[in-house]
Amino acid sequence: MKILVINAGSSSLKYQLMDSVTHDVLAKGLCERIGIDGRLTHKVPAKDIKKEFEISMPTHAEAIQSVLDALVSPEHGVIASVKEIDAVGHRVVHGGESFAQSVLITDDVMKAIEDCIPLAPLHNPANITGIKACQKVMGNVPMVAVFDTAFHQTMPEKAYLYALPYEYYENDKVRRYGFHGTSHRYVSARCADMLGKPIDQLKIITCHLGNGSSIAAVDHGKSVETSMGFTPLAGLPMGTRSGDLDAGILQYLMNKYGWSIDECLNVLNKKSGVLGISGVSSDFRDIESAAKEGNHRAEVALECFQYNVKKLIGAYAAAMGGVDAIVFTAGVGENDAKTRMAAASGLEFMGVKMDPDANNTRGKEAVISAPDSKVKVLLIPTDEELMIATDTAEIVGK
Ligand code: ADP
Numbered sequence: 011m012k013i014l015v016i017n018a019g020s021s022s023l024k025y026q027l028m029d030s031v032t033h034d035v036l037a038k039g040l041c042e043r044i045g046i047d048g049r050l051t052h053k054v055p056a057k058d059i060k061k062e063f064e065i066s067m068p069t070h071a072e073a074i075q076s077v078l079d080a081l082v083s084p085e086h087g088v089i090a091s092v093k094e095i096d097a098v099g100h101r102v103v104h105g106g107e108s109f110a111q112s113v114l115i116t117d118d119v120m121k122a123i124e125d126c127i128p129l130a131p132l133h134n135p136a137n138i139t140g141i142k143a144c145q146k147v148m149g150n151v152p153m154v155a156v157f158d159t160a161f162h163q164t165m166p167e168k169a170y171l172y173a174l175p176y177e178y179y180e181n182d183k184v185r186r187y188g189f190h191g192t193s194h195r196y197v198s199a200r201c202a203d204m205l206g207k208p209i210d211q212l213k214i215i216t217c218h219l220g221n222g223s224s225i226a227a228v229d230h231g232k233s234v235e236t237s238m239g240f241t242p243l244a245g246l247p248m249g250t251r252s253g254d255l256d257a258g259i260l261q262y263l264m265n266k267y268g269w270s271i272d273e274c275l276n277v278l279n280k281k282s283g284v285l286g287i288s289g290v291s292s293d294f295r296d297i298e299s300a301a302k303e304g305n306h307r308a309e310v311a312l313e314c315f316q317y318n319v320k321k322l323i324g325a326y327a328a329a330m331g332g333v334d335a336i337v338f339t340a341g342v343g344e345n346d347a348k349t350r351m352a353a354a355s356g357l358e359f360m361g362v363k364m365d366p367d368a369n370n371t372r373g374k375e376a377v378i379s380a381p382d383s384k385v386k387v388l389l390i391p392t393d394e395e396l397m398i399a400t401d402t403a404e405i406v407g408k
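In terms of the numbering used here, the sequence shown opens at residue 11 and continues consecutively.
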């Protein structure tokens, strides 16, 4: 089946046309500056084609139309007609407690996604706009929603409840949801494949370390714990996000500097994390260069990140009563051998032994632990688009 995967943001939209059987990416690209002017970048990997166009995109509908035009273009297209697209898979950030799996989009599903807007006020409206634009331009092509939160819906109550008065969970749905679920699900499944064992016999810790980072404990194929929470601000320190902190700090800083809660959250979301500590950059490559030149704050930013990854690996092994495999994925996890090594070293007491040569790998699947390591450590590039395409094909094929 040919599946169009759509990831719609408020002013941008990423797409991939995939063959769900061969897993080939037929074309992919990005619409930017939707609602401002409009720019399309379109790539055809098999032919090494990369084209850029200025196209007026007052709304997401024109953006989708420009994607379809590019896909059928005689010069740089990959299909003869839009009719060849069997289905569309949409990334949707928040499914709340309504969705533990991907679903075919119906009117009721749209309503439930809209009901989740208060939980993800920045993301869900953009995702909904993307779905509606596709419906407008593509008519009756079946569409599937794949949620970032769905995989973590298997967490037990003890893991997802915050120790707040219970009514805030009951009435207001304040709980840990977790994010990056599509990535954690993909890499845990690949991990089982690579180890040649059924996933329901494995305890896996998946470390999605990118600009946004989260770790999950995947016990027998089910997420039982994850580090992001009610929002993606929680857990590890990230590129620019603080991760977990003492809520009392908010009151202290707001009083001291006269900040509103929005100003405070802006600091926590955009000026913190490894950028905040290092003062250099949110990009690990820049921070590593600065650290190499002796910048102490850059060094400690890296150490702080690595230490927190290690600490959660230990915690999640305890949560599952053991661990068979640890997976590193996403921008930092896939490319940064030093961070992987630092996060996994010192865990020899629990059976983790890295292989420095094998770890000296970038961006491709590999076992990076020593042959005699009790706990296997793997590098697995994530592929959320493939997971979305696979889910979409499976649901539409039924
Ligand atoms: P996002 O969360 O935006 O999807 P990614 O998973 O693409 O982010 O990760 C992007 C981050 O990966 C960059 O900000 C950078 O810190 C890191 N990164 C990419 N390549 C390297 C590399 N070779 N070495 C270290 N870090 C890298």
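Glycine included, C-beta positions come from ideal geometry on N, C-alpha and C.
Taking a contact as a CB-CB distance under 8 Å, the pair VAL387 and ALA340 does not count as one, their CB atoms being some 15 Å apart. Note on TYR267: under 16 other CB atoms within 10 angstroms of its CB, so exposed under the neighbour-count rule. The nearest non-hydrogen atom of ligand 1 is less than 7 Å from the C-beta of ALA340. The alpha-carbon of SER30 is positioned some 33 Å away from that of TYR326.
Beta-bridge partners assigned by DSSP to LEU78: none are found.
Within the segment 330-405, the runs of beta strand (DSSP E) at least 3 residues long that lie entirely inside it are, in chain order, 335-339, 386-389. DSSP places SER198 within a helical segment (H, G or I) once states are collapsed to three.
Inclusion of GLY106 and ASP158 in the CB contact set at 8 Å is not warranted, their separation being larger than that value.
Cβ contact annotation for VAL228 (same chain, cutoff 7 Å, sequence separation greater than five): HIS194, SER198, ILE214, THR216, in chain order.
Among the bridge pairs identified by DSSP, GLN26 is matched with VAL15, LYS38. Inter-residue distance for ASN181 and PRO175 is about 11 Å (C-alpha atoms, whole angstroms).
Just so you know, the alpha carbons of GLY343 and THR349 end up roughly 8 Å apart.
GLY220 and SER83 have their C-alpha atoms spaced approximately 34 Å apart. Around the beta carbon of ALA90, fewer than 16 other beta carbons sit within 10 angstroms, so the residue counts as exposed. Linking HIS70 to GLU64 through their CA atoms gives a straight-line distance of about 15 Å.
In terms of CA proximity to VAL154, ASP118 leads the group ASP118, PRO166, ARG185. Looking from the CA of VAL102, the closest CA among LEU396, GLY258, VAL290, GLY140 belongs to GLY140. Shown here for ASP365: same chain residues with a beta carbon closer than 7 Å to its own, the five before and five after excluded, namely ILE378, SER379, ALA380 in chain order. The alpha-carbon of LEU50 is positioned some 8 Å away from that of ALA73. CA-to-CA, the gap between ILE336 and VAL385 works out to about 7 Å. Unbroken alpha helix (DSSP H) stretches of 4 residues or longer found wholly inside the segment 268-323: 271-280, 283-288, 294-302, given in chain order. For VAL119, the enclosing alpha helix (DSSP H) starts and ends at 117-125. Distances from the alpha-carbon of GLY373 to those of VAL362, THR392, ASP382, LYS363 put THR392 closest.
In the three-state reduction of the DSSP assignment, VAL88 falls in the coil class, being assigned neither a helical nor a strand state. In the assembly as shown, GLY188 is a buried residue. Its beta-carbon has 16 or more other beta-carbons within 10 Å.
The Cβ-Cβ distance between ASP79 and SER66 does not fall below 8 Å.
Taken through DSSP and simplified to helix, strand or coil, GLU180 comes out as helix. Rounded to whole angstroms, the separation of the alpha carbons of LEU243 and LEU278 is 8 Å. Here DSSP, grouped into helix, strand and coil, assigns ALA97 to strand. ASP334 and MET120 have their alpha carbons spaced roughly 39 Å apart. In this structure, DSSP gives PHE109 a state outside helix and strand, which the three-state scheme calls coil. Looking at the DSSP output, CYS217 shares a beta bridge with ILE225, PHE338.
Around the Cβ of SER270, a 10 Å sphere holds fewer than 16 other Cβ atoms; the residue is exposed. At a Cβ-Cβ threshold of 8 Å, GLU298 and LEU312 count as neighbours.
The shortest CA-to-CA distance from LYS363 to any of GLU375, ASP346, ASP382, PHE161 is the one to ASP382. DSSP, read as helix, strand or coil, puts LYS266 in helix.
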